[in-house]
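Residues are numbered in this note's numbering as their position in the sequence shown, beginning at 1, plus a constant of 8. Structure first, then comments.
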Amino acid sequence: MLPRDLDCVYIYDRQGSIRACSELLYPLWHSTNGSIPGPGGGTVQAPPRCHEQEAAALLKLKQSFTFTASSCQSYPARTNLTSWKPGSDCCQWEGVMCNNVTGRVNALIFAFYGLQIIEGLHPALFSLTFLQNLDLDGNNFCRSQLPDYSAFDRLTRLQLLGLSECNLTGPITGLINDRSVFPNLRWLDLSQNSLSGTIPATIFSQPALQQLYLHMNNLSGPIAEFHNLPATLTDVDLSSNQLTGAIPNSFSQLTALSSLNLDSNNFTGTLDLNPYFRLRNLDILSASDNSLLSATADNNHGFNTSSYNGSIISYLALRGCSLSRMPSALRYLPQLKSLDLSYNRIGGRIPDWIWRVTLVLRLSHNKFTTVGQIPSNTTVTYLDLSFNKLRGAVPFPSVGNMLEFKVTVHINLANNKLSGPFLYAGCHSNDQLQILALSGNNLNGSIPPHLLKGCTGLAVLNLRGNRLSGTWPDEMDKFCGLTLVDLHGNQFEGPLPRTLVNCTELQFLDVGGNNFVDVFPTWLGNLRDLRILVLRSNKFYGPLSMPLALGRNHTTTSGYFPSLQVIDLAGNSFTGVIPSELFDSFMSMVRGPLHNTRSGYNYSTLYVDSATSTYGVEVEVALKQQYMKMLKVFSDLVVIDLSNNRFSGPIPNTVGNLMALVVLNMSHNAFTGGIPGELGRLAQIESLDLSWNNFTGEIPRELLALTALEWLNLSHNGLSGSIPLGGQLSTFPSSSFQGNRGLYGCPLLVRCNLTQPPPGTNILPPLQVPDESAGHRFELIVLWLLVVAMVWALHWQLSCSWSSPAGATKTTHISSECLDSTSDSLIGCSTSVPNVMIDDVGSLDLTCTSSMTCDDDACESFIGHASDTLVEEFFAFRAIENEDLLDSLIRLRGIVDRIGTTTFELPKIMIVEKILTLLPRSKILYITLDLIMEKDLSVEDMIGLLFDDEKITASWTGEKTSMANNETSSRKGN
Numbered sequence: 009m010l011p012r013d014l015d016c017v018y019i020y021d022r023q024g025s026i027r028a029c030s031e032l033l034y035p036l037w038h039s040t041n042g043s044i045p046g047p048g049g050g051t052v053q054a055p056p057r058c059h060e061q062e063a064a065a066l067l068k069l070k071q072s073f074t075f076t077a078s079s080c081q082s083y084p085a086r087t088n089l090t091s092w093k094p095g096s097d098c099c100q101w102e103g104v105m106c107n108n109v110t111g112r113v114n115a116l117i118f119a120f121y122g123l124q125i126i127e128g129l130h131p132a133l134f135s136l137t138f139l140q141n142l143d144l145d146g147n148n149f150c151r152s153q154l155p156d157y158s159a160f161d162r163l164t165r166l167q168l169l170g171l172s173e174c175n176l177t178g179p180i181t182g183l184i185n186d187r188s189v190f191p192n193l194r195w196l197d198l199s200q201n202s203l204s205g206t207i208p209a210t211i212f213s214q215p216a217l218q219q220l221y222l223h224m225n226n227l228s229g230p231i232a233e234f235h236n237l238p239a240t241l242t243d244v245d246l247s248s249n250q251l252t253g254a255i256p257n258s259f260s261q262l263t264a265l266s267s268l269n270l271d272s273n274n275f276t277g278t279l280d281l282n283p284y285f286r287l288r289n290l291d292i293l294s295a296s297d298n299s300l301l302s303a304t305a306d307n308n309h310g311f312n313t314s315s316y317n318g319s320i321i322s323y324l325a326l327r328g329c330s331l332s333r334m335p336s337a338l339r340y341l342p343q344l345k346s347l348d349l350s351y352n353r354i355g356g357r358i359p360d361w362i363w364r365v366t367l368v369l370r371l372s373h374n375k376f377t378t379v380g381q382i383p384s385n386t387t388v389t390y391l392d393l394s395f396n397k398l399r400g401a402v403p404f405p406s407v408g409n410m411l412e413f414k415v416t417v418h419i420n421l422a423n424n425k426l427s428g429p430f431l432y433a434g435c436h437s438n439d440q441l442q443i444l445a446l447s448g449n450n451l452n453g454s455i456p457p458h459l460l461k462g463c464t465g466l467a468v469l470n471l472r473g474n475r476l477s478g479t480w481p482d483e484m485d486k487f488c489g490l491t492l493v494d495l496h497g498n499q500f501e502g503p504l505p506r507t508l509v510n511c512t513e514l515q516f517l518d519v520g521g522n523n524f525v526d527v528f529p530t531w532l533g534n535l536r537d538l539r540i541l542v543l544r545s546n547k548f549y550g551p552l553s554m555p556l557a558l559g560r561n562h563t564t565t566s567g568y569f570p571s572l573q574v575i576d577l578a579g580n581s582f583t584g585v586i587p588s589e590l591f592d593s594f595m596s597m598v599r600g601p602l603h604n605t606r607s608g609y610n611y612s613t614l615y616v617d618s619a620t621s622t623y624g625v626e627v628e629v630a631l632k633q634q635y636m637k638m639l640k641v642f643s644d645l646v647v648i649d650l651s652n653n654r655f656s657g658p659i660p661n662t663v664g665n666l667m668a669l670v671v672l673n674m675s676h677n678a679f680t681g682g683i684p685g686e687l688g689r690l691a692q693i694e695s696l697d698l699s700w701n702n703f704t705g706e707i708p709r710e711l712l713a714l715t716a717l718e719w720l721n722l723s724h725n726g727l728s729g730s731i732p733l734g735g736q737l738s739t740f741p742s743s744s745f746q747g748n749r750g751l752y753g754c755p756l757l758v759r760c761n762l763t764q765p766p767p768g769t770n771i772l773p774p775l776q777v778p779d780e781s782a783g784h785r786f787e788l789i790v791l792w793l794l795v796v797a798m799v800w801a802l803h804w805q806l807s808c809s810w811s812s813p814a815g816a817t818k819t820t821h822i823s824s825e826c827l828d829s830t831s832d833s834l835i836g837c838s839t840s841v842p843n844v845m846i847d848d849v850g851s852l853d854l855t856c857t858s859s860m861t862c863d864d865d866a867c868e869s870f871i872g873h874a875s876d877t878l879v880e881e882f883f884a885f886r887a888i889e890n891e892d893l894l895d896s897l898i899r900l901r902g903i904v905d906r907i908g909t910t911t912f913e914l915p916k917i918m919i920v921e922k923i924l925t926l927l928p929r930s931k932i933l934y935i936t937l938d939l940i941m942e943k944d945l946s947v948e949d950m951i952g953l954l955f956d957d958e959k960i961t962a963s964w965t966g967e968k969t970s971m972a973n974n975e976t977s978s979r980k981g982n
């Protein structure tokens, strides 16, 4: 931005006298080679050629710039400065401006050229002593530091210095310090960098300074009071730094001050607003988001209120400043138009005078409890009273008992305690209402049938989370302008109004959590801007039928829900097979997100009409087994949720075309067939839930390609075969795969070490869930079979199969007496085993040899001979004192529990007194099944059935909780 009177192109009349200066003529002067016809036959005369020494300096400066992509910047510059050639007139070079009388270079304008200055500016720049304007905004200094003041002190004519968004670091005091004097500097912009350190007070005392912009840096520390107050300083922006301490009183003495922005710092103390209210030029005062700062303007200094009459403050923002009361002096500000006191702790009644002095009023997130009747002649156009404690009826101007909105554009009363019916007088031709948000209250009754009739300007209607009931009036205006409709969490019933199709700009429709009864609204597919459709938890029924023409002609599906990015149909009664053409019609999901990262443009704000007002969109999504409220809806949040319906048949292979999909939930349906391998093409997917269906076959290996996957649930289907190893699939717990009888491999409890089923084994089909009595008998039978099998398996394992793997590393040896075969020797052996971290995956021989690094013979000895009888081994376990060895042996605890309480009838406390609390029950289940008959599939099938049963699991979980409680009580007693 250039000061208006900066030297530029001068216009001469025929007699050669200067008539005017015009910045706008400069590009035209270049295009006509320095000759522009002037008024009355005059011309714009070409200035003299630039001085050779200045041209040479500029060519050296060009050496500072890098134009191609590099490690510092991934994209090239917008220009290569090809016009900068030796021997040519530098006054005609790109970005260079000269004085039209002297030919001296007086301005370098390189704003947002994308240049890289990797090693700093060439010193030749500072030989351009006639330079008045240096604008390098938006170029990349690659995290180098500010040029030192000693270089700039030669540029005494400098009026404008622009270095914003330049990726600069280091202390600001390199350029501005106690000895820095810029006698003609009027404009200094160092904003949006990473500058650090304290702000020297001398920066505010530069004699000609008018605009100072230091916002969005890392500046810290207090600001000292400054003297030699300049009479020229009009604009100061220090927002979004880390400044601390009290706000200097010196700011309130800057008589020319027009705008002061101190937002988003760490200022403390109390800001006295009274002196600022007496400044005659101050228009904007903002100190929001300083959580330790308070403010007062209660006329405690004896000021005559008439002294405020000259105030021109139109914008005052003290959001998030720990205010506990409304500053009373605000009522005396005659020009106040916008007041933001949101996110404070102000309570009580909203004063009546406030409706007479403001146009924009933001009082959200406070503790206001009451508000008087708003006068019918109020001029408030923007009102946000959300997140307070307001009670009673909707507080708006009324005619009789019907509410009216005349000049108001934006009304947000969400999340209060308002109650009663919602009465509305209807729209008039001159009404300006665009946003109406009454969500999160206790409003009841029905929607007035004339609310949506004639309100052509209404863009946002949010009645979410009330107790409204009845049917939705089917009286939409033909020229409906709605972009957002949110009725979630009410008691509406009946069908969706077909006149919604008139709302051609509709982007967001959420009617979830109601009692709507209807078929799938295929007619909404014609709304080309519809991005979010939520029908969850209603009584919708029937198939997801496609329009007849679309179903027959696949090429026309691009016109059916083309912009949809979130569709949530969960918790209804939809049935039938999903048409394969449906997924192909979701073109926004096929083409991919508009931006690759969520740092780009997002759809969290819907722009209403001519951007006169904005409203944030939020949506609730079932994500990774949690129902989450998304306060911002980004362009790459792409969700399909069809869970808890009665869909059947296979998943269409066309699901693999939805390359932008992030969340896919098809759980709790009746889908059949195999899991389509095309799912492996969904490179963006983070959450995939196909649980509680009737899928069969193997898990496709294509799922290993899903590198972004964070949540997977394939449980409770009829899947079989080995779980593919590798990729993200190896990171999920056993709960992601449980309830599939024919499935094996890690991380399932059964046969983690098996990579394929034993030869000759037939995988049984999934069993139907029996009734309660049959399930109880089945559990008893399996339990007794399990106990017998476990006893036999334990004996066979201990005597036959626990041998060390060949080639196992022997790094630590147990003393020779540990080779004795008695349990007493085993106890003594435990004291010499090193304390190591025990791996809880794998069988006991692997743990002994690999994790505990024992000698092979020692392992065989203390495992085999100490287990001559089960009872002897139990008492050996009980006496072991070394906890690490105990952790490895306690892998048998599941067997100990079962046998000790069922077959031998030994007191449980005697058997597992010492080991009871040392290993979580989940690990016991894992290890027990790992030890039982790895080659006997039928026994393992019975074990899998037993431990997959929800009742058995719940019983074990309760026992674990009881043990933890007992242990806590014991510790408190000790």
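We put the beta carbon where it would ideally sit given N, CA and C, even for glycine.
Please name the residue in Leu338, Leu727 and Leu720 whose C-alpha comes closest to that of Asn702. Taking the sequence shown and counting its residues from 1, one reaches residue 702 at position 694. Nearest C-alpha to Asn702: Leu727.
Whose C-alpha, out of Leu163, Leu426 and Val598, is nearest the C-alpha of Phe376? As a first step, residue 376 must be located in the sequence shown, where it is residue number 368. Nearest Cα to Phe376 within the set Leu163, Leu426 and Val598: Leu426.
Can you look up Tyr221 in the DSSP assignment and give me helix, strand or coil? The residue labelled residue 221 in the question sits at position 213 within the sequence shown. Reduced to three states, the DSSP call for Tyr221 is strand.
Counting only runs that start and end within the segment 284 to 348, where is the alpha helix (DSSP H) found for 4 or more residues in a row? For secondary structure counted as the alpha helix (DSSP H) over 4 or more consecutive residues, the segment 284 to 348 holds no complete run.
Element boundaries [beta strand (DSSP E), containing Phe134]: For this step, residue 134 is matched to residue 126 along the sequence shown. It is not in any beta strand (DSSP E) - Phe134 carries neither H nor E in the DSSP assignment.
Give me the Cβ distance between Ala115 and Met105, rounded to the nearest whole Å; I'm assuming they're in contact under 8 angstroms. Position 107 of the sequence shown, counting from 1, holds the residue named residue 115. Position 97 of the sequence shown, counting from 1, holds the residue named residue 105. Their Cβ separation, rounded to whole angstroms, is 4 angstroms, which keeps Ala115 and Met105 in contact under 8 angstroms.
With a threshold of 16 other CB atoms inside 10 Å of the CB of His235, please say whether the residue is buried or exposed. Within the sequence shown, numbered from 1, the residue matching residue 235 stands at position 227. It is exposed - the Cβ of His235 has fewer than 16 other Cβ atoms within 10 Å.
Take Ser213 as the anchor and find which of Leu176, Thr278, Leu198 and Leu193 has the nearest alpha-carbon. Here residue 213 refers to the residue found at position 205 when the sequence shown is read from its first residue. Measuring from the Cα of Ser213, the nearest candidate turns out to be Leu193.
How many Å lie between Gly734 and Gly682 at the Cα? For the purposes of this step, residue 734 is taken as residue 726 along the sequence shown, with counting starting at 1. For the purposes of this step, residue 682 is taken as residue 674 along the sequence shown, with counting starting at 1. Going by the C-alpha atoms only, they are around 21 angstroms apart.
Burial state of Thr366, where buried means 16 or more other Cβ atoms lie within 10 Å: Translated into positions along the sequence shown, residue 366 becomes position 358. Its Cβ being crowded by 16 or more others within 10 Å, Thr366 is buried.
Kindly indicate which three-state DSSP category Gly685 falls into: helix, strand or coil? The residue given as residue 685 occupies position 677 in the sequence shown. In this structure, Gly685 counts as helix in the three-state DSSP scheme.
Mark Glu942 as exposed unless 16 or more other C-beta atoms lie within 10 angstroms of its C-beta, in which case mark it buried. The residue given as residue 942 occupies position 934 in the sequence shown. In this prediction, Glu942 scores a pLDDT of 35, lower than 50, which makes its location untrustworthy; the coordinate-derived value is nonetheless stated afterwards. Burial state of Glu942 is buried, judged by a 10 Å Cβ sphere holding 16 or more other Cβ atoms.
Ile184 and Thr206: beta carbons closer than 8 angstroms? By 1-based counting over the sequence shown, the position of residue 184 is 176. By 1-based counting over the sequence shown, the position of residue 206 is 198. Result no, Cβ atoms of Ile184 and Thr206 do not sit closer than 8 angstroms.
Taking the alpha-carbon positions, what's the Pro359 to Ala77 distance? Taking the sequence shown and counting its residues from 1, one reaches residue 359 at position 351. Taking the sequence shown and counting its residues from 1, one reaches residue 77 at position 69. Pro359 and Ala77: Cα-Cα distance of roughly 59 angstroms.
Tell me whether the beta-carbon of Leu347 lies closer than 8 angstroms to the beta-carbon of Leu324. The residue labelled residue 347 in the question sits at position 339 within the sequence shown. The residue labelled residue 324 in the question sits at position 316 within the sequence shown. With contacts defined as CB atoms closer than 8 angstroms, Leu347 and Leu324 qualify as a contacting pair.
Can you tell me where the alpha helix (DSSP H) with Val468 in it begins and where it stops? As a first step, residue 468 must be located in the sequence shown, where it is residue number 460. Element bounds for Val468: not the alpha helix (DSSP H) but the beta strand (DSSP E), Val468 to Asn470.
Taking the CB atoms as reference points, tell me whether Val663 and Leu687 lie closer together than 8 angstroms. If you number the sequence shown from 1, residue 663 lands on position 655. If you number the sequence shown from 1, residue 687 lands on position 679. Taking a C-beta distance under 8 angstroms as the contact criterion, Val663 and Leu687 qualify as a contact pair.
Nearest by alpha-carbon distance to Gly584: which of Phe528, Ile693, Asn249 and Asn534 is it? Locating residue 584 in the sequence shown gives position 576, where the first residue counts as 1. Closest by alpha carbon: Phe528.
From Asn498, Arg475, His496 and Leu514, pick the residue whose C-alpha is nearest to that of Met484; which is it? Counted from its first residue, the sequence shown places residue 484 at position 476. Here the closest residue by C-alpha is Leu514.
Near His676, which residues of its chain fall below 8 angstroms by C-beta distance, leaving aside the five closest residues on each side in sequence? On the sequence shown, residue 676 is found 668 positions in, with the first residue counted as 1. In its chain, beyond the 5 residues on either side, Ser651, Asn652, Asn653, Ser699, Trp700 and Asn701 have a beta carbon closer than 8 angstroms to the beta carbon of His676.
Beta-carbon separation (whole angstroms), Ser744 vs Ser723, contact threshold 8 angstroms: Position 736 of the sequence shown holds residue 744. Position 715 of the sequence shown holds residue 723. Right, the Cβ-Cβ distance comes to about 6 angstroms (below 8 angstroms), so this counts as a contact.
What residues are listed by DSSP as bridge partners for Leu227? Here residue 227 refers to the residue found at position 219 of the sequence shown. Gly205, per the DSSP bridge assignment.
Less than 8 angstroms between C-beta atoms, sequence neighbours within five positions excluded: which residues of the same chain meet that for Tyr121? Against the sequence shown, residue 121 aligns to sequence position 113. Sequence-distant partners of Tyr121 (beyond 5 residues in either direction) whose C-beta falls short of 8 angstroms from its own C-beta, in its chain, are Ala85, Arg86, Thr87, Gly103, Gly146 and Asn147.
Rounded distance between the beta-carbons of Arg112 and Phe138, thought under 8 angstroms: Your numbering for residue 138 matches position 130 in the sequence shown. Your numbering for residue 112 matches position 104 in the sequence shown. Their Cβ separation, rounded to whole angstroms, is 4 angstroms, which keeps Phe138 and Arg112 in contact under 8 angstroms.
Taking the beta strand (DSSP E) that Trp989 belongs to, which residues open and close that run? The requested residue 989 is not part of the displayed model; the chain covers only 9 to 982.
Straight-line Cα distance separating Asn374 from Glu394: For the purposes of this step, residue 394 is identified with residue 386 of the sequence shown, where counting begins at 1. For the purposes of this step, residue 374 is identified with residue 366 of the sequence shown, where counting begins at 1. This sequence places Ser at residue 394; Glu is not what is there. Their Cα atoms are separated by approximately 8 angstroms.
Let me make sure I understand the geometry here. Which of Gly473, Thr491, Met554 and Pro481 has the alpha-carbon closest to that of Gly521? On the sequence shown, position 513 is the one that residue 521 refers to. Of the listed residues, the one whose Cα sits closest to Gly521 is Gly473.
Sequence-distant residues of the same chain with beta carbon closer than 6 angstroms to Gly380, five excluded per side: Counting from one through the sequence shown, the residue named residue 380 turns up at place 372. Contacts found: Asp360.
Taking the straight line between their C-alpha atoms, what separation do you get for Pro755 and Met674? As a working note, residue 755 is residue 747 in the sequence shown. As a working note, residue 674 is residue 666 in the sequence shown. Distance between Pro755 and Met674, taken at the CA atoms: about 23 angstroms.
If I follow the unbroken alpha helix (DSSP H) through Tyr157, where does it start and stop? Counting from 1 along the sequence shown, the entry for residue 157 is found at position 149. Under the DSSP assignment, Tyr157 falls in the alpha helix (DSSP H) whose first and last residues are Tyr157 to Phe160.
Under the rule that 16 or more other beta-carbon atoms within 10 Å means buried, what is Gly170, buried or exposed? Indexing the sequence shown from 1 puts residue 170 at position 162. Here Gly170 is buried: its Cβ has 16 or more other Cβ atoms, across all protein chains shown, within 10 Å.
Under 8 angstroms by Cβ, that's how I've got Ser247 and Ser272 pegged, so tell me the actual separation to the nearest angstrom. Taking the first residue of the sequence shown as position 1, residue 247 is located at position 239. Taking the first residue of the sequence shown as position 1, residue 272 is located at position 264. Confirmed, Cβ separation roughly 5 angstroms.
Let me make sure I understand the geometry here. Which of Thr491, Asp392, Cys80 and Pro403 has the alpha-carbon closest to that of Ile419? As a working note, residue 419 is residue 411 in the sequence shown. Among Thr491, Asp392, Cys80 and Pro403, the Cα nearest to that of Ile419 is on Asp392.
For Arg2 and Gln124, I'd like the C-alpha separation in whole angstroms. Given that the chain is displayed from residue 9 to residue 982, the structure contains no residue 2 and the question cannot be resolved.
Determine the DSSP secondary structure at Val402, reduced to helix, strand or coil. Translated into the one-based positions of the sequence shown, residue 402 becomes position 394. Under the three-state reduction of DSSP output, Val402 falls in the coil class, being neither helix nor strand.
Extent of the continuous beta strand (DSSP E) to which Leu391 belongs: In the sequence shown, the residue the question calls residue 391 occupies position 383. Per DSSP, the continuous beta strand (DSSP E) segment holding Leu391 begins and ends at Tyr390 to Asp392.
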